[in-house]
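Just so we're aligned, residue 3 is where the sequence shown starts under the working numbering, counting upward by one. Read the structure below first, then the notes.
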Amino acid sequence: MSKKIYTGKVVSNKMDKTVVVAVTRLFQHPTYRKTVKRVSKFKAHDEKNKCNIGDIVKIIETRPLSKDKRWIVVD
């Protein structure tokens, strides 16, 4: 099974070696057929603390690294 890869925007980098990434997705509402925007936030591992707020990053799914972290920053 392949690992999920998402692209999102860094919204917080206040934790050590961790960033919060907001991933926006568009989908069509099943009943009303209107396009709806949803934002999901993921905590991702940033080994070198090089991500800043506003950066566009690519995250990949991985094994659990802590209670909430299941993603690693790739680019």
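C-beta: ideal position from N, C-alpha, C; glycine also.
CA-CA distance, residue 55 and residue 34? Distance between the alpha carbons of residue 55 and residue 34 is about 35 Å.
If you measure between the beta carbons of residue 42 and residue 27, is that distance less than 9 Å? Against a cut-off of 9 Å, the Cβ pair of residue 27 and residue 42 comes out as a contact.
Given this structure, state the Cα-to-Cα distance separating residue 31 from residue 40, to the nearest angstrom. Roughly 11 Å between the two C-alpha positions.
Give a yes or no on whether 9 Å exceeds the smallest Cβ distance from residue 59 to chain C. As a matter of chain content, chain C is missing from the structure shown, which is built from one protein chain.
Please report how far the alpha carbon of residue 64 lies from the alpha carbon of residue 29, in whole angstroms. Cα to Cα, residue 64 sits roughly 25 Å from residue 29.
The beta strand (DSSP E) that contains residue 47, what's its start and end? Where residue 47 is concerned, the enclosing beta strand (DSSP E) stretches over 37-47.
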